[in-house]
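In the UniProt record's numbering, the protein residues as written are 1 to 474. By construction, the Cβ of each residue, glycine as well, lies at the ideal position given by its N, Cα and C atoms. Working notes, beginning with the structure itself.
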Ligand SMILES: *Cc1c(COP(=O)(O)O)cnc(C)c1O
């Protein structure tokens, strides 16, 4: 399988070339040249496979530059009951007839990002080892992504993580999760500033191309194709659990921010998985809902981005969205370049033509939005009716899912985090305080490993240099 850019550069790359990279050189995102098709016979063969085997089968359709035996071993090392809590890895939790949650958040950081990031950790270690290279991952986090990256990369050979977070602004639980890691290759940097200051430092360091090359600075952001590919697997796993035969269809409702998660659903559907609807659920930051209703894509500025009680969906610009638009426009890279490369830069947005917009129906996408009041009402009613506590992001998914249910088509709502991560809003809705899994009880009291720094890119660069020359990675 080869990979191309969404913006028309026709240079073809292999999987392991794009694994350690971000954007394509022309500013586009990587996609496979085609989507391998699954037919009824293949679906029947996959039905009932353990999760790690299913992951191997799907990944091997997209990865031909890692020997099959190695890829299978990496999948088996990633998707274990020890890491994800259950033998099914992403079990379904029925709520009522035709409606269930698919649990994606039983990994080490209690959010669905572990599903992909854990695999990325194993893939990075493997590929860096094969090349005899090292990578320094530099990132900024306000919570979920940073901790998922650290738990995926801890103890991995060839990789160091430098994670910036705003000093004193994460929840005590999130802070304890990250800062209690004692691994030599994980470096927590608490910046005396806000999240934007952290992000500015990452940008400043990455813009110093000489430094970036010399110290092999990389990222693990959500546009990485390997992350997206890992997420395709659980759509198949959910489908097999919810159906008895391949003649049945299901719908998925997906709490969305950067469009990574639901874009994986799009890939699964393009491969031929019988998905009726892909329901895009947003919070008050409804850029995507607006697009699917009107065909106009208008990313917001930071000032117009609301801080909500489903904070992991507080995005202004959906960084994976270009992948879907590329497919929607018949993979016309020149048109995507016009929209994302030109119109977005010059006019701050774009509107599809009437004919282009009309094609969306053929891709199964529908959308809706949810507000803080909706979130509270959904958490409360779900608790009262089923005795299940859901987190705030999952509640947005449930709220919008209710608008699109059809009889005879099971609706699977992706559970993207556990309620314990967002306890304050759960208490506000139900009066009940959700507890984290027993293994994490009391982590706030563990010793913490972090340094506090001024918001100063030069100082951060010095810190990276010091570690790169002082310690040699295992
Ligand atoms: C990241 C995240 C989302 C949004 O997922 P995207 O792939 O960015 O659309 C939703 N819920 C939670 C809990 C998250 O951490």
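Measuring from the CB of residue i, is there a heavy atom of ligand 1 at a distance below 7 Å?
i, result
"residue 393", "yes"
"residue 313", "yes"
"residue 91", "no"
"residue 429", "no"
"residue 171", "no"
"residue 407", "no"
"residue 259", "yes"
"residue 255", "yes"
"residue 60", "no"
"residue 286", "no"
"residue 262", "yes"
"residue 321", "no"
"residue 141", "no"
"residue 112", "yes"
"residue 219", "no"
Any idea if residue i is buried or exposed, counting beta-carbon neighbours within 10 angstroms, 16 or more meaning buried?
i, result
"residue 451", "exposed"
"residue 196", "exposed"
"residue 130", "exposed"
"residue 441", "exposed"
"residue 207", "exposed"
"residue 97", "exposed"
"residue 407", "exposed"
"residue 250", "buried"
"residue 345", "exposed"
"residue 254", "buried"
"residue 182", "exposed"
"residue 244", "exposed"
"residue 474", "Below a pLDDT of 50, predicted positions are generally treated as unreliable, and residue 474, at 46, falls in that range; the measurement from the model is reported next regardless. Classification of residue 474: exposed, given that the 10 Å Cβ count is below 16."
"residue 304", "exposed"
By DSSP's criteria, residue i is part of a beta bridge. Which residues make up the other side?
i, result
"residue 282", "369"
"residue 32", "3"
"residue 301", "None, per the DSSP bridge assignment."
"residue 137", "161, 218"
"residue 115", "Paired residues: none, contrary to the question."
"residue 313", "None; residue 313 has no bridge partner."
"residue 251", "411"
"residue 148", "In DSSP, residue 148 forms no bridge with anything."
"residue 45", "None; residue 45 has no bridge partner."
Measure the Cβ-Cβ separation of residue i and residue j and say whether it is below 8 Å.
i, j, result
"residue 22", "residue 308", "no"
"residue 521", "residue 18", "Residue coverage of the chain in this structure runs from 1 to 474, which leaves residue 521 outside it and unanswerable."
"residue 252", "residue 275", "yes"
"residue 320", "residue 357", "no"
"residue 101", "residue 202", "no"
"residue 242", "residue 92", "yes"
"residue 78", "residue 113", "no"
"residue 461", "residue 205", "yes"
"residue 234", "residue 104", "yes"
| said: To test your reading of the DSSP string, which unbroken alpha helix (DSSP H) runs of 4 or more residues are found completely within the stretch 48–113? | reply: The stretch 48–113 contains these whole alpha helix (DSSP H) runs: 51–62, 68–78, 81–84.
| Which runs of the alpha helix (DSSP H), 4 residues or longer, sit entirely within the stretch 178–226? | Correct list: 195–207, 209–214.
| 3-residue-minimum beta strand (DSSP E) runs that sit fully inside the stretch 315–401, ordered along the chain | Unbroken beta strand (DSSP E) runs of no fewer than 3 residues, entirely contained in the stretch 315–401, are found at 365–369, following chain order.
| query | At what residue ranges does the stretch 416–454 contain a whole run of the beta strand (DSSP E), taking only runs of 3 or more? | reply | Complete beta strand (DSSP E) runs here, min 3: 451–453.
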